[in-house]
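Sequential numbering of the sequence shown, starting at 879, is according to the working numbering.
For every residue, glycine included, the Cβ atom is placed at its ideal position computed from N, Cα and C.
From a predicted model like this one, the values you see are computed outputs, not experimental measurements.
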Amino acid sequence: MGDRYEERASRMDGATVWTLTVPRGSDHPVLPDGCMDLLWTGGRLLVAGPDTRAAPTSGSDGGSYAGIRFAPGTAPALLGVPAHELRDRRIALAGLWPDARVRELTERVTEAVDPAAALEEIALRRAADTPPPDPAMRYVAGQLGSGRSVADTARAVGLGARQLHRRSLTAFGYGPKTLARILRLQRALALVRSGTPYAESALAAGCADQAHLAREMRELAGTTLTGYLAASDPS
């Protein structure tokens, strides 16, 4: 039996609540998506920072995960840390929040019938007590996610190249060009998963051609399109 992954839209704007069960002896590659996650596994609360490359979730001993995935640019205000400090990292929530608070939250999630829903509630309560995300960076993420160029997005938001890069590091963990590449790859993969041929998916997502998409897969995902689809097949 393969990995079992389920998700649903969160009550938090733009976020996704998810669960993952990885059988013993398998690996579940997590591809860059511009997002950050608060997750629970093995009785621990962790934060997954923004990735620039595929991050394998090892299932050598099997494992269950629950999480809430925050929309690009929204997690730093919530967690209280610039995104670039967590780039390509998985760290304990206790490294960001007070130990006593994290122990209380860990116990709450561990005892919950639905750990993913418990994580969502933690995030919603935290959001009510923290400043909102940078609206300009939410706009940037939306524009880049729809395929708009970095230059056009910078002009639309009224920021110079250096300003946009600096604020993108805080919000996303990397510059806007990297975020644009990652979001373009995700658009292409969504099309491929829907049954659209590789070449058509590449062009529709904004790649120059299928070869361009293949290069992006190797560089950002560490695999091929065929290899990724085979690994993602739940059968």
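Buried versus exposed, by CB contacts within 10 Å (16 or more), residue i
{"i": "Ser938", "result": "Below a pLDDT of 50, predicted positions are generally treated as unreliable, and Ser938, at 47, falls in that range; the measurement from the model is reported next regardless. Answer is exposed; the Cβ neighbour count stays below 16."}
{"i": "Thr894", "result": "buried"}
{"i": "Glu1097", "result": "exposed"}
{"i": "Asp1030", "result": "exposed"}
{"i": "Asp874", "result": "The question about residue 874 has no answer here: the residues shown for the chain are numbered 879 through 1113."}
{"i": "Ser1024", "result": "exposed"}
{"i": "Glu998", "result": "buried"}
{"i": "Leu1107", "result": "exposed"}
{"i": "Glu1094", "result": "buried"}
{"i": "Arg1071", "result": "exposed"}
Whole-Å CB distance - residue i paired with residue j, under 8 Å assumed
{"i": "Leu1061", "j": "Met890", "result": "20 Å between Cβ atoms; not a contact."}
{"i": "Trp918", "j": "Ala944", "result": "5 Å"}
{"i": "Pro910", "j": "Thr930", "result": "6 Å"}
{"i": "Pro1010", "j": "Ala955", "result": "7 Å"}
{"i": "Val900", "j": "Gly941", "result": "5 Å"}
{"i": "Leu1069", "j": "Ala1083", "result": "6 Å"}
{"i": "Val925", "j": "Leu957", "result": "6 Å"}
Beta-ladder partner(s) of residue i, from DSSP
{"i": "Val1070", "result": "Note: Val1070 sits in no beta bridge, so no partner."}
{"i": "Met914", "result": "Phe948"}
{"i": "Arg986", "result": "Answer by DSSP bridge pairing: none, since Arg986 is not bridged."}
* Three or more C-beta pairs closer than 8 Å, one from the segment 1071 to 1080 and one from the segment 1021 to 1040: is that the case here? -> The answer is no - the segment 1021 to 1040 does not touch the segment 1071 to 1080, with fewer than three Cβ pairs under 8 Å.
Does the segment 1050 to 1064 touch the segment 948 to 965, meaning 3 or more C-beta pairs lie closer than 8 Å?
-> Counting Cβ pairs under 8 Å, three or more are found: they touch.
Q.
Which runs of the alpha helix (DSSP H) at least 4 residues long sit entirely within the segment 938 to 977? Give them in chain order.
A. DSSP runs (the alpha helix (DSSP H)) wholly in the segment 938 to 977: 953 to 957.
Residue ranges of each alpha helix (DSSP H) within the segment 1018 to 1060, 4 or longer:
Positions of the alpha helix (DSSP H) runs, each at least 4 residues long and wholly inside the segment 1018 to 1060, are given as 1028 to 1035 and 1039 to 1050 in order along the chain.
TODO: List in chain order: all unbroken alpha helix (DSSP H) runs of 4+ residues lying wholly within the segment 1077 to 1102.
DONE: 1088 to 1094, all fully within the segment 1077 to 1102.
* Asked: If you pair each beta-carbon of the segment 912 to 926 with each one of the segment 986 to 996, do three or more pairs fall below 8 Å?
  -> Counting Cβ pairs under 8 Å, three or more are found: they touch.
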